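In the numbering used here, the protein residues as written are 227 to 339. Notes follow the structure.
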């Protein structure tokens, strides 16, 4: 088990402790360890994983799941502009008072700038 896998397991555990039952994933290479861990949690019945290739769709699906379940939902994206595509759903969640958790990957320091 490497550091990324260990961290991903800790993130999934924290989400579950926080009452999250639904996670929406917009997959990318930099969030692969978390994606695999989320898939394993879904297969084990620990949470429900929803996969969408478009970040805007993923953000609004997570918001709808949070509203419908009256509990926080999470959305996972890779780095860069993927995160910016969540902005409309994040604004809507903030104005509606809905709990939306955003988890994004980051670029290695040598690739920034």
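The beta carbon of each residue, even a glycine, is placed where N, CA and C say it ideally should be. Owing to the predicted nature of the structure, the values given are computational and were not obtained by experimental measurement.
- In this model, residue 237 and residue 278 are separated by some 20 Å (Cα to Cα).
- Burial state of residue 336 is exposed, judged by a 10 Å Cβ sphere holding fewer than 16 other Cβ atoms.
- The segment 281–299 and the segment 256–272 do not touch, with fewer than 3 CB-CB distances between them shorter than 8 Å.
- Residue 307 is classed as exposed because its beta carbon has fewer than 16 other beta carbons within 10 Å across all chains shown.
- For the segment 276–337, the full-length alpha helix (DSSP H) segments reaching 4 residues or more read 281–295, 307–310 and 313–322 along the chain.
- The beta-carbon separation of residue 302 and residue 249, rounded to 6 Å, stays under the 8 Å limit for a contact.
- Residue 249 is bridged by DSSP to 275 and 300.
- With fewer than 16 other beta carbons inside 10 angstroms of its own, residue 334 counts as exposed.
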